[in-house]
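Asks:
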Amino acid sequence: MAEKRITVRATRFDPAKDKAPRLQSYDIPFADESMVVLDALNHIKAHVDGSLSYRWSCRMGICGSCGMMINGIPKLTCNAFLRDYWPRSITVEPLNNFPIVRDLVIDMEDFMHKLKSIKPWIIRKQEYPLGAGEHRQTMDQIDEFRQFSECINCMLCYAACPVYGLNNEFLGPAATALARRYDLDSRDQGIKERLPVLANSEGVWECSFVGECSVVCPKGVDPAKAIQQTKLDTTMRFVLPYGNREE
Amino acid sequence: MDFESYDVLVVGGGLAGIRAAIAAVDANPRLKVGMVSKVYPMRSHTVSAEGGAAAVLRPEDSYETHAFDTIKGSDYLADQDVVEAFVREAPVEIIQMEHWGCPWSRDEDGKISVRPFGGMTTWRTCFAADKSGFHMLHTVFQTSLQFSQIHRHDEAFATKLLIEDSRCVGVVAIDMRSGRLEAITAKTVIIATGGLGRIYAFTTNGNICTGDGMALAYRAGVGLKDMEMVQFHPTGLPFTGILITEAVRGEGGYLLNKDGERFLKRYVPNKMELGPRDIISRAMVTEFEEGRGFDGPHGKYMHLDVRHLGEAVIDRKLPFMRELGREFVGIDIVKDPIPVRPVQHYMMGGVDADISGATPIAGLYAAGECANVGLNGGNRLGSNSLSECLVFGAAAGRAAAEYASSAGPVSTNPVDALLADETNHIESSYLDKRGGDERIGTIREEMQHDMDAGAGVFRTRDGLEGLTRRLASLRDRFERIKIEDSSRTFNTELTAALELDFMLEMAETIAFSALAREESRGAHARRDFPERDDDKYLNHTVAHRTDGAAPRLEYRNVRITNFKPQARTY
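Chains as they are written, first to last, in our numbering: chain A, 109 to 355; chain B, 483 to 1052.
(1) State the Cα-Cα distance for the pair L279/A and M177/A, rounded to the nearest angstrom.
(2) Is it buried or exposed for P202/A, if we count other Cβ within 10 angstroms and need 16 for buried?
(3) For A844/B, which of I813/B, P819/B, Y885/B and A505/B has the nearest alpha-carbon?
(4) Taking E870/B as the query, report the chain A residues whose CB atoms sit under 9 Å from its CB, ordered along the chain.
(5) Can you list, in chain order, the residues of its chain whose CB lies under 7 Å from that of D1016/B, leaving out five sequence neighbours each side?
(6) Measure the C-alpha to C-alpha separation of G775/B and L306/A and round it to an integer number of angstroms.
(7) In whole angstroms, what is the alpha-carbon distance linking K233/A and R295/A?
(8) Would you say C166/A lies against chain B (beta-carbon separation less than 8 Å)?
(9) Hey, R606/B and L539/B are a contact pair by Cβ (cut 8 Å); roughly how many whole angstroms apart?
(10) Under 7 Å Cβ-Cβ, which residues of chain B neighbour N275/A?
(11) Taking the continuous beta strand (DSSP E) assigned at I666/B, which residues delimit it?
(12) So which residues on chain B does A154/A lean against when the C-beta distance must stay under 8 Å?
(13) Where DSSP assigns a beta bridge to V515/B, which residues make up the other side?
(14) At the 8 Å Cβ level, is G1061/B part of the contact set with chain A, yes or no?
(15) So, does the CB of K224/A fall closer than 8 Å to a CB anywhere in chain B?
(16) Closer than 8 Å, CB to CB, is M933/B near chain A or not?
(17) Given a cut-off of 8 Å on the beta-carbon distance, is the pair D612/B and G734/B in contact?
(18) When you compare each of N1039/B, E710/B, N866/B and M830/B to A996/B by their alpha carbons, which one comes out closest?
(19) In its own chain, which residues sit with a C-beta less than 6 Å from the C-beta of G879/B, not counting the 5 before and 5 after it?
(20) Got a sec: which bits of the region 603-623 of chain B sit with their beta carbon under 8 Å from any beta carbon on chain A, in order along the chain?
(21) Starting from D777/B and walking both ways along the alpha helix (DSSP H), at which residues does that stretch end?
(22) Shorter than 8 Å from the beta carbon of M524/B to some beta carbon of chain A?
(23) Compute the Euclidean distance between the alpha carbons of N689/B and I965/B, then round it to the nearest angstrom.
(24) Out of L212/A, V324/A, L223/A and P195/A, state which residue places its alpha-carbon closest to the alpha-carbon of G311/A.
(25) Hey, out of M168/A, P123/A and R163/A, whose CA is closest to K327/A's CA?
(26) Check whether the Cβ atoms of T528/B and L491/B lie closer than 8 Å to each other.
(27) Is the beta carbon of R759/B closer than 8 Å to that of P716/B?
(28) Quick one: grab the DSSP three-state call for V788/B.
(29) When we look at the beta-carbon of H617/B and count the other beta-carbons within 10 Å, is it buried (16 or more) or exposed?
(30) Which of the three DSSP states, helix, strand or coil, is assigned to R744/B?
(31) Between A1032/B and the ligand FAD, is the CB less than 7 Å from at least one heavy atom?
(32) When you compare each of L846/B, L725/B and A537/B to E805/B by their alpha carbons, which one comes out closest?
(33) Pop quiz: E987/B and A697/B are said to be a contact at Cβ under 8 Å. What is the actual Cβ separation, rounded to whole angstroms?
(34) Using a Cβ-Cβ cutoff of less than 6 Å, which residues in the same chain neighbour F940/B once the five nearest sequence positions on both sides are dropped?
Structure follows, in structure tokens:
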């Protein structure tokens, strides 16, 4: 029997040489049913074309490095199985809505600034001394923010977001979800400090509630919900008491 | 020439590195701290740690038992003073993480939960469901963003330590975006680059775990300690090597052979599934050899069965395992047993460093998996490594801050010359090299295969001697590699070549250290020397680089305080 093969087209772009990205086609063995798109890229790099550049590390869906567009849909390449595409070919492109650094590598500096801007750390009016031991926190209290803490910063949600595509000043899904993660943490008292970034015109109000961010999230985070909750917060916080965390 | 210059420069952005950076700022807020990482810090391999972090937090627990468990787990190769200091610091660090927002799983009363773990005699492993490393890494990384003193160089690949007058004064690094080599000077450097699992074919480690920091230190003249001690985790998914956490067994999962038998009763009858990793991995390989493993398309395997725990417990305590089973194996662990086999996981050996992370080179420190401070000896207990990253990351950060606070400035003249040398080396040996015919990927795969075969769970003299010869030949072939990528922008073929160069050298230190230790201790199991030999080998191997193929090995006594070596049975 002939060896099973699959065609993978990958974006090639070297800013020093190329005016625009182009697709390069590779025909590679589909040797094992367990192979994922990342395995295909690794096969190309190791045995066919060492110059193909892309990011990857854990290949278990937790480091967030290997997000790319696969046949037009943002996915982690480490858990996109070739068997789900074969015998069709696969087109792998860098994530939408980001500048391309090289080949399949996107420029995500914008997100790194946004992440810092929402102050993703515990803010206390008075620091709780180490010697006082742990804060008590129930599992119910953790459930308030748990899903938002599962974000792996893989950028799939930004690639899916039509608003970010039009205006990259928009704070966007993951950063808002992470702000929410801290706002909803019973140990945190920083909601007021995070509010200006969230409430400004490029904050949550830009979201047109398409909800694609939540659809593509590989970790079950619902950034669309975070954005809607934050919209509610920014309007209601002057009329509703916000627990006792502001004390 | 202009250089970025720091008081403290951390190489590596994982849990140990970030903890070190924050500790340095805490120790002296006036210090300027740099961090060089070849990936964005939240991509660091800490992210894949699952089970939890050990610390004595409960009244029924004691420092003494945590110390004893760790020392017995190490097969008496741990330095006992280091272990005793570690167990006292670990609880402080766990609470610190809690204050920084780590979403530790909690008991009914809101206190941090603990779970049982292998080789621990009591419940002392704190956890954030089964994504403990992920949550700890994101917590410290996000926390670190508030410190304006910490300046990051993300996606910068360190190629060389700058050494001047036997003092470490910084690194040379490739900025991946521009492709430029830069000298980043500092009064102190902390290496926190993690493990080297990618030397092996079957590993839980991510692509970035290539032993860079160990190699940098080794080439600068620091010894590498106990490199023969490589941990194989009992439960990796066949084919991918994805880690299935020991917490699966901590929560009550069974390991079953093809006869449906909990075979560990023959090996660790008193601990069963909660025996230490080295012994359970050997038990599994022994069962495979005696025909009691399952046969699969990707080799032999055992079943790890949690079906009796029920969906509620699995979803509360092991949700990521259910996700991994569903996404990567196509099974539901609530209904199906998980196929597992031993897999390279962790490096006990590493950069020779003392209790504060200081290496023999002034101004150079090491912390986390890349370091060997004497904590783990021949076998690390599960859940001690996340705590190790915190405790010894913080210790190294404080020690470096203290040194930097009084050390004189770094003079840039020699740095200029060192940078020019290294630039010339990278260009002539890699980027502008012509006429090579060896593929990096091929040499790497052969090395990985050879390491699996020759320096795996069981070793022999013949196997190790063969391994050293094959590695030498791979090193020769490495001289003839071809680099197809001539771009300066994000050239991952260049970094893959540099990583392979590091890995080949680290593989040799493992092979030669293992060949010389003619006994079985911890993870180092010699078929030709099956017994532990305390008369001859109650000491650390320290490998020093030489001009020849083989490192020079010296031995240093293990420091023993309160726990006399005894037979290690469970």
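For glycine and all other residues, C-beta sits at the position ideal for the given N, C-alpha and C.
Predicted model, so just to flag it, every value in this text is computed and none were measured.
Replies: So, to answer that:
(1) As a working note, residue 279/A is residue 171 in the first sequence. As a working note, residue 177/A is residue 69 in the first sequence. Their backbone Cα atoms lie some 21 Å apart in a straight line.
(2) Position 94 of the first sequence, counting from 1, holds the residue named residue 202/A. By the neighbour-count rule (16 or more Cβ atoms within 10 Å), P202/A is buried.
(3) Numbered from 1 along the second sequence, position 362 holds the residue referred to as residue 844/B. Ranking I813/B, P819/B, Y885/B and A505/B by Cα distance to A844/B puts Y885/B first.
(4) The residue labelled residue 870/B in the question sits at position 388 within the second sequence. Correct list: empty, because the minimum Cβ distance to chain A is about 19 Å.
(5) Along the second sequence, read from residue 1 onward, the residue named residue 1016/B stands at position 534. Cβ neighbours of D1016/B beyond the five flanking positions: P1047.
(6) Taking the first residue of the second sequence as 1, we reach residue 775/B at position 293. Taking the first residue of the first sequence as 1, we reach residue 306/A at position 198. Whole-angstrom Cα-Cα distance: 56 Å.
(7) Counting from one through the first sequence, the residue named residue 233/A turns up at place 125. Counting from one through the first sequence, the residue named residue 295/A turns up at place 187. One C-alpha to the other measures close to 11 Å.
(8) Along the first sequence, one-based indexing puts residue 166/A at 58. With 8 Å as the cut-off, C166/A counts as an interface residue toward chain B.
(9) Position 124 of the second sequence, counted from the first residue, corresponds to residue 606/B. Position 57 of the second sequence, counted from the first residue, corresponds to residue 539/B. Indeed, because the Cβ distance is near 7 Å, the residues count as touching under 8 Å.
(10) For the purposes of this step, residue 275/A is identified with residue 167 of the first sequence, where counting begins at 1. The contacting residues do not exist; N275/A stays about 24 Å from chain B at best.
(11) Looking up residue 666/B in the second sequence gives position 184. Looking at the DSSP string, the run of the beta strand (DSSP E) that includes I666/B is L663 to I673.
(12) Here residue 154/A refers to the residue found at position 46 when the first sequence is read from its first residue. Ordered by position in chain B, the residues that pass the 8 Å Cβ test against A154/A are R921, I922, G923, T924, R926 and E927.
(13) Stepping through the second sequence from its first residue, residue 515/B is reached at position 33. V515/B pairs with V490/B and I632/B.
(14) For chain B, the structure presents residues 483 to 1052; residue 1061/B sits outside this window and is missing.
(15) By 1-based counting over the first sequence, the position of residue 224/A is 116. It does: the Cβ of K224/A has a partner Cβ on chain B nearer than 8 Å.
(16) On the second sequence, position 451 is the one that residue 933/B refers to. No, because no Cβ of chain A sits closer than 8 Å to the Cβ of M933/B.
(17) As a first step, residue 612/B is located in the second sequence; it is residue number 130 there, counting from the start. As a first step, residue 734/B is located in the second sequence; it is residue number 252 there, counting from the start. No, Cβ-Cβ distance for D612/B and G734/B is not below 8 Å.
(18) In the second sequence, residue 996/B corresponds to position 514, counting from 1. Checked all of N1039/B, E710/B, N866/B and M830/B; the closest Cα to A996/B is E710/B.
(19) Walking along the second sequence from the start, residue 879/B turns up at place 397. Contacts found: A502, A505 and A506.
(20) K613, F616, H617 and H620
(21) Looking up residue 777/B in the second sequence gives position 295. Per DSSP, D777/B belongs to no alpha helix (DSSP H); it is in the beta strand (DSSP E), F776 to G778.
(22) Translated into positions along the second sequence, residue 524/B becomes position 42. Yes, M524/B lies at the interface with chain A (some Cβ there is under 8 Å from its Cβ).
(23) Residue mapping note: residue 689/B aligns to position 207 of the second sequence, counting from 1. Residue mapping note: residue 965/B aligns to position 483 of the second sequence, counting from 1. Cα to Cα, the separation comes out at about 19 Å.
(24) Within the first sequence, residue 311/A is the residue found at index 203, counting from 1. When each option's Cα is compared against that of G311/A, the closest is L223/A.
(25) As a working mapping, residue 327/A is identified with position 219 in the first sequence. Of the candidates M168/A, P123/A and R163/A, the one whose C-alpha sits nearest the C-alpha of K327/A is M168/A.
(26) As a position in the second sequence, residue 528/B is number 46, starting the count at 1. As a position in the second sequence, residue 491/B is number 9, starting the count at 1. No, the Cβ-Cβ distance between T528/B and L491/B is not below 8 Å.
(27) Here residue 716/B is taken as the residue at index 234 of the second sequence, counted from 1. Here residue 759/B is taken as the residue at index 277 of the second sequence, counted from 1. A contact, by the Cβ cut-off of 8 Å.
(28) Within the second sequence, the letter at position 306 stands for residue 788/B. The three-state secondary structure of V788/B, taken from DSSP, is coil.
(29) Reading the second sequence from its first residue, position 135 is the one you call residue 617/B. Result: buried.
(30) For the purposes of this step, residue 744/B is taken as the residue at position 262 of the second sequence. Here R744/B sits in coil by DSSP.
(31) Among the ligands in the structure shown, none appear at all, so the ligand FAD cannot be discussed.
(32) By 1-based counting over the second sequence, the position of residue 805/B is 323. Closest option to E805/B, Cα to Cα, is L725/B.
(33) One-based indexing of the second sequence puts residue 987/B at position 505. One-based indexing of the second sequence puts residue 697/B at position 215. The pair is a contact, with the Cβ atoms about 6 Å apart (cut-off 8 Å).
(34) Counting from one through the second sequence, the residue named residue 940/B turns up at place 458. The answer, listed in chain order, is A1007 and R1009.
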